[in-house]
Each structure stands twice: as structure tokens, then as C-alpha cells.
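So the sequence lines, in the order shown, correspond to chains S, G and F.
Quick note on UniProt numbering: the first sequence kicks off at 1 and runs consecutively.
Quick note on UniProt numbering: the second sequence kicks off at 1 and runs consecutively.
Quick note on UniProt numbering: the third sequence kicks off at 1 and runs consecutively.
To keep things clear, I will list the structure first and then write my remarks on it.
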Amino acid sequence: MNQMRRLFGRNVLGWMACIPIAAIIVAIWGVAAQAQEAGVEPGSPEYIQGVLNAIWILVAAVLVIFMNAGFGMLETGFCRQKNAVNILAKNLIVFAIATLIYWAFGFSLMFGQGNGFIGGGGWFLSSTDPATYGLDPFPAGLPISIFFLFQAAFAATAATIVSGAVAERIEFLAFIIFSVLLIGISYPISAHWVWGGGMLSEIGFLGGTGFYDFAGSTVVHSVGGWAALMGAYFLGSRLGKYEDGQARAIPGHNMSIATLGCLILWLGWFGFNPGSQLAADEAVPYIAVTTNLAGAAGGVSATAVSWIKDGKPDLSMIINGVLAGLVAITAGCDGFSYAGSVLIGLIAGVIVVYSVSFFDNVLKIDDPVGATSVHLTNGIWGTIAVGLFNMDAGLFYGAGPNQLIAQILGILTIGGFTVALSSIFWLALKATVGIRVHPEQEFQGLDISEHGMEAYSGFLKESGALGGGMADALSSSSQEH
Amino acid sequence: MNQMRRLFGRNVLGWMACIPIAAIIVAIWGVAAQAQEAGVEPGSPEYIQGVLNAIWILVAAVLVIFMNAGFGMLETGFCRQKNAVNILAKNLIVFAIATLIYWAFGFSLMFGQGNGFIGGGGWFLSSTDPATYGLDPFPAGLPISIFFLFQAAFAATAATIVSGAVAERIEFLAFIIFSVLLIGISYPISAHWVWGGGMLSEIGFLGGTGFYDFAGSTVVHSVGGWAALMGAYFLGSRLGKYEDGQARAIPGHNMSIATLGCLILWLGWFGFNPGSQLAADEAVPYIAVTTNLAGAAGGVSATAVSWIKDGKPDLSMIINGVLAGLVAITAGCDGFSYAGSVLIGLIAGVIVVYSVSFFDNVLKIDDPVGATSVHLTNGIWGTIAVGLFNMDAGLFYGAGPNQLIAQILGILTIGGFTVALSSIFWLALKATVGIRVHPEQEFQGLDISEHGMEAYSGFLKESGALGGGMADALSSSSQEH
Amino acid sequence: MNQMRRLFGRNVLGWMACIPIAAIIVAIWGVAAQAQEAGVEPGSPEYIQGVLNAIWILVAAVLVIFMNAGFGMLETGFCRQKNAVNILAKNLIVFAIATLIYWAFGFSLMFGQGNGFIGGGGWFLSSTDPATYGLDPFPAGLPISIFFLFQAAFAATAATIVSGAVAERIEFLAFIIFSVLLIGISYPISAHWVWGGGMLSEIGFLGGTGFYDFAGSTVVHSVGGWAALMGAYFLGSRLGKYEDGQARAIPGHNMSIATLGCLILWLGWFGFNPGSQLAADEAVPYIAVTTNLAGAAGGVSATAVSWIKDGKPDLSMIINGVLAGLVAITAGCDGFSYAGSVLIGLIAGVIVVYSVSFFDNVLKIDDPVGATSVHLTNGIWGTIAVGLFNMDAGLFYGAGPNQLIAQILGILTIGGFTVALSSIFWLALKATVGIRVHPEQEFQGLDISEHGMEAYSGFLKESGALGGGMADALSSSSQEH
């Protein structure tokens, strides 16, 4: 935890000395990045449609950005109170860091002009030419600013998914560096292949059929899910999780905020999917409806399956069912029928229940919040579903297997790349700053050990390794003073 | 709690066998429900106005959908921690179920072409002809998709209102089935009378004056309130509530999330009322202002009255005052003056304080969150207020009594119908699956007994029937393992 | 706490007698305030642009209004559980009161036609002539309704900032009256100078250069911050805060909701800053990006500095760093480069860490949530930054010192005025109703003493002056019955 101090010493002022230098650089360099010539007269219908597009995507971006609150509350609520501050801090800082890294590098790697593998140019959002980022000039195309903001919000989502799977035992600094690498390198490269005009956007031997992922079941959710899976794997399970070869349930500490988190995520998905249309037109509300139907169906089927399977409706499964349905609809939300959307959601809800059980009991990979089952497993399912249920290109609609093959190819390519790169990142971090806290710190809880504070000061907590981190309730509660 | 297992056995796979069958049905039947011919050229002002309408109603629908988080946090916070998981689960699943039921049946019953009593046709949102649902073709009318989403969000609200009043003692399955019946049958029929061109939209012997409920004080809130009242009545009061003939206050367990819930609901009302204009025009912001003034006025007067009456400003009453003002303004928010809106809100805040006391102490109907007083009593008040304060048709503006009579007729007709149908539903459920949990389950708390989990694992809780559900704090807290 | 009863007695009905009188007044006076003649044909591009402006500002206003939930959760989470109800109640009622006071007086004082010092006219939003409030006729200008709503949301923000700094020891009634005075008199007057065409909007001896505050670093945040500082100063520190000359940390009770509050505020800032464009055009998304970059940068630098300085990354500092960046960008978010915005945010994050320490340890002014450091110190920094980094008028861009001088003048004028008026208000309140609760009430917690209820009933809490307010955990928990 004192890595930062080792790097900089206590001499904050020395570190701050770079501020005036930066000020001078900014003053010289920051030449009117705002200037965006319109070419079209304000007040004309074309201009108004352009502004409407921009305002709608701003609203959508804001909804997606608010998903950080959703992930934060969901993941925190599903973990123990002794690690709440740590999870909250991770989720808050990761969006801040993602914004800056994506501004500096990620956006250019993803949308800058480059080759089929990687983009580049216009770093630090410094270009005022829309073509630099593959955009048409406003008002035909979106303003650079809002296209960047929407994409930055997506990039942050990928990193936030990781946060949940590695919770309750990861070093804070290791998580931050991993997020920088994921958002700065891995995510923008693989996303470039699909959304930046890269190598998966048109696959030659399939007659030009491209891998199709409308809003990111694979590009965002599976990528986050693969990175999360590798993280959970290299970290190992939490203390006490598999003590006698059996998976023990470690209950979350605050189901109220977890449920709130789920509903905030549901809200945010109305920006995530309909916003991915990248314009204000008739397709937008259609996408909102397919998205909502699938989320609802996922919640219903996960409830039913968990009820039948375990005899009681498990709130965690209702929550994860909703999210599974939302992840699954994401890849093809613009091209499924309503009934197809309901069916895809119903299947997602079934999948998530068995996937959680599979990772937990069979693979024995400890994912405290079920992020892998929600985002990876159902990201894959949703991406495959495009090849089956898309009304133009789906196998079930008589369009042949090309789209389905493209989907599987995309899943494998992006999955392989993300697994490889994530593994390198995690292993490099393990060999340098270390990725896992000491067992005593884990037992005590990361809030005290990594942040020196409690999430719920003033409340008496339970003793024991699972429920709390301290010797006994009464003594523990006075420990903080 | 094992009803589900009785219905299906543990054989989940058997239940899942219907999925491939469904896939085939979808593939054959799901013919391009998306296709919506425009007839108007994209880029023309008329088209842009149509898109703007659709995007605005999407934003409004999203705000209304987020009200589920508001109701969830409000109702959970106002109840005891031992029932928190149950209330959260109810509020989450009810929106999912409402979406699906309303998609399948409700929307058609409400807006489909039928007679003055009931609509029909275009089930499962299968029609691509706007006239099926009473809409003009886009862009003159809203796209079917977004009109459906907005209406589905409204339908879910009615069911969510019930959740609060029946909290802490209802069987989970009974609540779900009741919600299905309410949203699938009762709500769409009575709403058809007003919003679907049915029998209350033009009343012959009043010279064609129609019952007027702009955004649903009666159609949504009172209907939810009547159903809630019947539920609370047939269920009976919670254990210990009226032990010696006196109503005992059973304090809520989390006023932070309850207040958050109130503020989320306030947020959502900016979709609920201004969105009910069903278009983007000058009236929309006007409605937002009247709505906000009434909510504020309700909060202020309820605070003042509870302060004077009980000597202290009660946070629950500030919350319920705000909500009362918002419910009351809903019926006529488009046609009140600003000053009228403030006055209606002030009166709502007074009414809610006395209504809570009346239901609690006089009628001895146990409504843990005050849903009846907020949604039923003030839904009635707001509906009557249209007949008094509407600037065109109100008695106080010299327009005669016709509107007021129509309002009272509407309240009685819809109230009578909802009471009758709700009573049949509740009694049928009582006679079959049962509506109330066993006293031991209620004492223990529904979270453990119905869901097998705790909301706040790791915290020590109080013993006793009112504060917690367990023998004593320390033993109870270990009970969950 | 019985001031209300002293004022009115228990005779609520007497108080209610004014309602029928009010009804008559409303009926006579409330002449069609809605009527807004367009002059431009609906369906024309100009009209559609006008509606788009109005809808966008409505969305922005709604986001700003939701900041009340952000402030409520942030401030409550940062304080102790024994005062949670009190803070929640203050934050909820203050928005309600702000709405009504600003409707009655504040809006007219701020935007009504008057002189360079104060506006007036069109009280109670009674004028239908846009010119009364300095607006062009719709659709060229915004509808009065939505301009009012947006401004009312801003006014409420100023009062809510005060709430945090005076938390845990202020009399509820004193806070309410202070809020009325701040929003009804002080805030609208100083805001009139800048946004209402008043004396700071064009400064003669600077060649007409006006004080520039695009979205309110000074007009809203610093004004709230000065009022908060004076409140904290006149109230004195909380019991036990500076017992032996040393500042003791009094930990907040719920970091989950505090973090949620931060993220809600971040969300709201996308209404606060981009909405201040008061139109839907290309500048709006640009402002959203500069705002987001600065918030992110503030979070990152505050994390780094607190990590280096104290050896651990402090969640409170991440939160306050984000908010500091957002406050600092507010004054000039429309005219900074992207790189400039990042730099301004980075500096804000550094400033807030040292400012918190300065107020706490050097000035020994007890501000439980750091409101002064976030809103006052960084409000000043952001306002100065306009004079340095604005791409047209900033010193670093070669535009000379005039803008910088104007900024400093504005800061001093508005700061001096707000300090003077706030001091008068606080001292007058101290001399009359009293501003501080009795020490026993403070020790017990304001929830029980001022509101007669607990925020977290059913949970066992810690004993002691800092963590809880009661003799010991077990007895305390039964105290509520």
C-alpha cells in the first residue's frame, strides 16, 4: 500500500512542481480545439437534426456514465462490509482514470486512421477534423466531442466489470494499473476491429459478412468478462471460500444498494443500447423496447429457475437474470423481433443461473458478484444469438450460416486476444507490484488495511472470517478508533 | 414457498424443454415487427419533429421506469430490515413481469380497437399498423414502440404501489400472481375507459364532457391505491401492530434509502407528467413546472402540519407530503395555474398527514409505507381538483359543475371496478395459494423464510418482534450461516 | 424544537383555515399564466429548434434537480448515523422551500427588470411577457416556464451546499429560515449582477469586460460556500472535534451512499454545465466533455496527493477531488481547451486536499463534509482559471490581464456581499430562534432529539460521543421504543 510513497516520497510539492510546466504547455498547445466549422447553416432542418442527434447521444452518454453508480452499488452490495470502501474507491477512480486514458490514447487507437489491427492519430482529442476519428463533418456526423464522450463511457464499462470479479482481495494499485492497460491498450485494439473499421468489420472469406455487435455484447461485456475471469483466476479465491473442497456462499452485506445498482444499470442500458444507434431516428425507440423486453425476460426466467432449483427465489439471481438479459440483447438489439428479444432474454436468465453455479462449483473460480456469468457467458450468448435470430441475417430466418460463423469467429478472436493480453498484464503485475493483499489484510478487510477507514462507522458488526474481519463484534467495533 | 417446486418439480430441464419449441415459433412468426413505413421523408421538418417527439417520450419513459428504483428504495427503507430482501425482490420482479404481461395482453386490452368497455387486437405488439393501437402514422403519431414503452412503465407503477401496502406479511407468489392479474386485466380495462377512447372519455348526459385525468391521478395512482387498500385489508395487520387496540409505530430501517427513493420518484415524475403530453411541444415544460411546484408545496405543508401536530418534523411525513403533492397534481398538471398548483400541493400535504392517521388509527388498516394515503387519497383529491381548478373547465373558474361531476363519476366508476376486481383476485388467491405467510415466518422475517438470505449480512441487529425477527442479536446474526 | 408549536399552537385547523381563502384568491387571480403566444408556426424549423431547446433544458433542469439526491446522500453518508434523519430532512425540505421562495420572489429579484443592483417585477411567475424576465419570445428564447425551472434548480443548489457544513449541530428551524433568506434575498441579488444583466456583467473601467461565470463557480458554488463557511464559523465545532487542540477525524457512517451521492452529483453536472448554454447547439456536447475531463482529473490528482501525503488512498478525498474538479471547471467550461480542462481539474484535486486540511487543522473551522473546500475554495480557483485559461480572454493565451482582473473583482464583490449578508442572517437567527442545539441533544443525536426517530432502526450501534450518541450499544438500541 505504500507503493505510491515509494515512488514519490512524501514530497508532494515536488510532484506538484510539474503543474506550472504543464500550464505553459497547455497555453501554447491548446489551440482552439473547440472550433468545429459547420458548413451547414444553423436553423436549417439538416442542422437541427444534427443538433438533435448530438443532444440525444449526450443524454445516452450520461445514462451510460451513470452506470458507474450502478456497478458501484451492485458490486459493493454483493460483497462484505469490510471491503466496501475498497470497492467503492475502485469503481469511482476507475471511471476517472478511464476518462483520462481514453482521452489520451484509447480513443485514437480505437477510431484513429490506422490499419485493420490498430488505429492511431489525433491523440489527446487534438484533431478538429472529424475524418481523423472516422466521422462525417457535423451536422451529417456527430460532433467529435460527443462521439468521444459516448465511447469513453463504454470504455470505462469494460474496466468496471473487472472490478467485481476481483473484489475483496486485490491490491488497489494493481487494479488501477490493470485498468489503465485494459482501457489504454487491450480494449481499444479489439474494439477497433469491430467498430473502428478494422479486420472483423468485413470478413473476406465470408463474402464480406462482418462480425456484428451492435452495442457491445462482445466488444464491451465479454472483453470485460474475459479480463475479469483471468483476474479472478490469477488472484485465486478469497480466504475461506473453498475450505473443504466445497464452495461456501459468502453473503453480500447490502442487498438494498445491490438492487438499486441493478435498477441503475437497467436505466443506463437505455443509453447503452439505443444510444449505439449514434443518431436520433426511428430505430432508437425500437431498440429501447427490445432491450427492455430482454431484461425483463431474463429476470423472470432466472427467478423461476432459481426458485425451482433451490426452492426459494434468490434475489441475487433476479438481479443477475435482469443483467444477463440486458447483456444478451446488446449485440443484436436493433435487429431482433420483439418475441425474439423475449426469448433471448428468457434463455439468458436460465444460462446465468447455471453459469454462476458452474464457475463456482465446477471451475472453482471465485467471482464474488457473478460478473463472469453475467458479462462473459451472456455476452457470448448474445453475440451468437445475432447469427440465429437477426431478422435479416439469422439462421432461423433462413439467411444461411455466414453470420453465425462470423459471430463465432469474432468471439474467438476477441476472446483469445483479450485472454492473452489480460494474462500478460496480470502476470506482469503479479511479478512486480503484486496483485493480492496479504492474508491478514484480507482477513481484516481491505477498508482498514488499504484505506484506513470503515464504510459503516458506528454500527456493530459480526465477528468471523466470512461475515466480518475482526476478533469479535464489540472489540472490533472499537478497533477503528 | 415451495409452490413453484410443486408446480414444476425439481426438473428444471423439463421446463427448459419449451425453449427450443419457442425458438421455432419465434422464427416463423416474428415477421419484421420493426418495419414502420414513414411516408414522410427523413430530413423534413415534419420528420424531425416526429423524431424529437419519440426521443423525448423515450427519455420520459426511462425516467418513469427508473421510478421502480424509487418505489423500491422508499418501500424498503420504510419497512424493517428483516423484510428488506423480500420487498426489493418484489419491486424488481414486478417490473419485469409487468413488462411481459403488458406486452402480451395489457397494451392490447387498453389501446386495441374494441368497444367502450374493453380493447383488443394486436396482441404481443404484433401489429405494425399504428391504427391498431389508436395511433396516427409516424411522424404525425408516435412510433408504436415508444408509445408501448411509456405505457408499460405506467402499468408497472400501478402494481408497484400495491407492493408497499402489503409489505412484511404477503406470500411472494401471491403478490406476483396478483400483479399479473392487475396489470393484465384490471388496470388496462379501467385505463381503456379514459385513455383508450372508452366509456369515460365522453359522457353523454354531461353533454360529452369527459372524465379528465391527464397523467393518471386516478387511472394509475388511485387504481394502485385501491388495489393496495384491498390487499392490506384482506391480509390483516402485521403481528404486533395493534396489540392492545392501539396502533404502534413500527419504524422503518433505513431512512437514507427511503429519502433517496422519494427523490428518485420526484425525478421520475418529470417523465410521468410532462411525458404524458405524448409529444415535444411548449406545454411540456409548463407541466414540469406545475408538477414541481405541487411536489414542493406538498412537502412544505406536510412538514408544517406534522410539526404543529406532533411537535417534531417527521421525515416520513416530509417524504409522503412531497409524494402526495406529486400525485395530486398529476390529473390536471396541464391545466392548472402556477398558483393553483401550489395550492393543490399545499392541500395534498395536509391531507396526507391526516389520511395516514385515519387509516392507521381509525380504520386500523395496516399500510406500512402509507401508500394508500399517498396514492389513493391524494389521487382522488387531485382528480377532484381538476373539476375545481382547471383554468378552462374548473368550477372556480366559472365553468360550471359538469367537469366536477364527470370527475366524481370517474372516481366512483374506476374505484368501484378496481375494488370489486381486486377483492375477487385477493379472495381467490387466499382460497388457493394463500396470501399471508405463517406467523413464525413473519416473526422471523420474510428474508430468511421466503428467500433464505439476509439483506444486511455482517451487521448486528436488534432482537424483538418489532425491530428484528430473531431471538437475540448475537444468536440471530449467526443464524444465517 | 417547539418553535412551530409556539407559533401556531396545536390548532392545525386554524392554520388550515387560510386554504379556502387562498382558493378564492387563486381562482380570481390565476388568469391563464400558461398562455404563451408563439408567433412562429408550429412545424417550422424555427419552432422545432425552439422546442428542442426547451426539451433539452428540461432534461438539464431535471438532472440538476436530481443533484438534491446527490447532496443528500453525500452529506448524510459523511456524517454520523445519529444525525442522518436530520440531514436527509434538511436536504429534502430545502429543495421544496427553495422552489416556492424562488417562485415567489427570487426569480424576479434575479431576472426581473430593475437596476444594476437588483431586479424586480413579475412576482410569482405571474407575467406572460418573456421580456419581464429578460427573455426573447419563444421560439427564439426559452419558454418562461423552463427558464424558471432551470434557475430554481440552481438556486436550491446554493442552499444545499450550506447544509453539509452546518450538519450535526444546527437547529432545524434555523436552517430552514436561513435557506429562505439565502434563496429569497442574497443569492438572487448577487446572481443578478452577473446573469441578470447587473453591475458585474460589464465593468466600465475594464473597457466593458464583464465578470465571466458561465455556469456558476462563483455565482452558485462560492456563494453557497461562503454562506456555509459563515454558518460553520458562527455555529462552532461539533462536540469532541477539537478536544485537546487537535482536530479529531469523525468518520462518516455510510460511505456507500456517500459515493453514490458523488456519482449522482457527477451525473447532475451534465445538466448543470451543458444546460447553462440555455440552448441546444454544438457547444453543449463540448461543454459536457470539458466538464467530464475536469471531474476525472480532480479525482485522479486528489487520490494521488492523499495517497502520497497520508500513505493510503482516502475515499473521501477521491470523492471530494471529483467534486472539486467539477466545481472548478464550472465557470469556464465553455471556453477551455480539453488539455486546459484536465489541468484545471488536476489542480483542483490538489487544492481540495490541502484546503480540507487547512480549514480543519489551521483555521479549526469544523465542516463535516468538506463543503467549503469543494465549493468555496475551488469555486474561487475555477473563477480565476477563466482569466488564465479561457482560449479567447485568458492571460496564458495572450489576451492581457483584463479578464483576470474582472474575475478577481467579481470574486471579491460577491464574496464580500455574501459574507456580510450571511453573517447578518446567522447572527440574527442566533439572537432569536437560536442556531445551535443543546449539547445533550447533540450528544444524543439530532435524529432522536429533533425528529423523534432513528435512521437505522433495528441495527445495533456503537456507543460513545463520536460513533453514536448513547450510553451503550445495547441499551441505546432499545432507547427508541
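Just so it is clear, CB atoms sit at the ideal spot from N, CA and C, and this is done for glycine as well.
At least one CB of chain S lies nearer than 7 Å to the CB of G/P143. By the Cβ-count criterion, S/E454 is buried, with 16 or more other Cβ atoms from all chains shown falling within 10 Å of its own Cβ. Under the Cβ criterion of 7 Å, F/G216 is not counted among the residues facing chain G.
Taking 7 Å as the cut-off, the Cβ atoms of F/G77 and F/I257 count as close. In the same chain as F/T291, and ignoring 5 residues on each side of it, the C-beta atoms closer than 6 Å to its own belong to W269, N273, I329, C333, in chain order.
Contact between S/A324 and S/A288 is ruled out by a C-beta separation of about 19 Å, above the 8 Å threshold. At a cut-off of 7 Å between beta-carbon atoms, G/N292 makes no contact with chain S.
Taking C-beta separations shorter than 7 Å and ignoring five residues to either side along the sequence, the partners of F/G141 in its chain run P130, L135, following chain order. Following the DSSP letters along the chain, one finds S/S316 inside the alpha helix (DSSP H) bounded by residues 315-330.
Across the stretch 252-267 of chain S, CB contacts with chain G closer than 9 Å involve G252, H253, N254, M255, S256, I257, A258, T259, L260, C262, L263, I264, W266, L267, in sequence order along the chain.
Excluding its 5 nearest sequence neighbours in each direction, S/P188 has C-beta neighbours in its own chain below 6 Å: G106, L109, M110, listed in chain order. Within the model, the alpha-carbon separation for G/F178 versus G/V220 is close to 16 Å. Using a Cβ-Cβ cut-off of 8 Å, G/K241 is close to nothing in chain F; its nearest Cβ partner there is about 14 Å away.
Less than 7 Å separates the beta-carbon of F/T209 from that of F/A406. Collapsing the DSSP output to three states places G/F178 in a helix. In this structure, the straight-line span from the alpha carbon of S/Y286 to that of F/F234 is close to 57 Å. Near chain F, meaning a CB-to-CB distance below 7 Å, the residues of the stretch 437-456 of chain S are E450, H451, G452, M453, E454, A455, Y456. In the three-state reduction of the DSSP assignment, G/I308 falls in the helix class. Residue ranges of uninterrupted alpha helix (DSSP H) with 4 or more members are absent from the stretch 111-157 of chain F; none lies entirely inside it.
Within 9 Å of the CB of G/R238, no CB atom of chain F is found; the nearest one sits about 14 Å away. S/K90 carries a helical assignment under DSSP once its states are collapsed to helix, strand and coil.
Residues of the stretch 302-335 of chain G with a C-beta less than 9 Å from any C-beta of chain F: T303, A304, V305, W307, I308, K309, D310, G311, K312, P313, D314, L315, S316, I318, I319, G321, V322, G325, D334, G335, listed in chain order. Non-local C-beta neighbours of S/S341 in its own chain, meaning closer than 7 Å and more than five positions away in sequence, comprise T290, L293, A294, I329, ordered along the chain. Against chain G, a Cβ distance below 7 Å from F/N83 picks out nothing, because the smallest value is about 11 Å. Contiguous alpha helix (DSSP H) elements confined to the stretch 388-474 of chain G occur at 402-431, 439-444, taking only those with 4 or more residues.
Proximity to F/E282 across S/G198, S/S44, S/A54 peaks at S/A54, based on C-alpha coordinates.
According to the DSSP assignment, F/C262 belongs to the alpha helix (DSSP H) that extends over 255-275. Taking 4 residues as the minimum length, the alpha helix (DSSP H) runs contained wholly in the stretch 328-363 of chain S are 338-357, in order along the chain. G/I203 sits in coil when the DSSP states are folded into three classes, being neither helix nor strand. Taking the Cα positions, F/L363 is about 17 Å away from F/V419. In the three-state reduction of the DSSP assignment, F/I170 falls in the strand class, which pools E and B.
Using a Cβ-Cβ cut-off of 9 Å, S/S355 is close to nothing in chain F; its nearest Cβ partner there is about 27 Å away.
With fewer than 16 other Cβ atoms from the protein chains shown falling within 10 Å of its own Cβ, G/P401 counts as exposed. Ranking G/G114, G/L149, G/W56, G/I146 by CA distance to the CA of G/T132 puts G/G114 first. Rounded to the nearest whole angstrom, the C-alpha separation of S/G164 and S/M230 is 13 Å.
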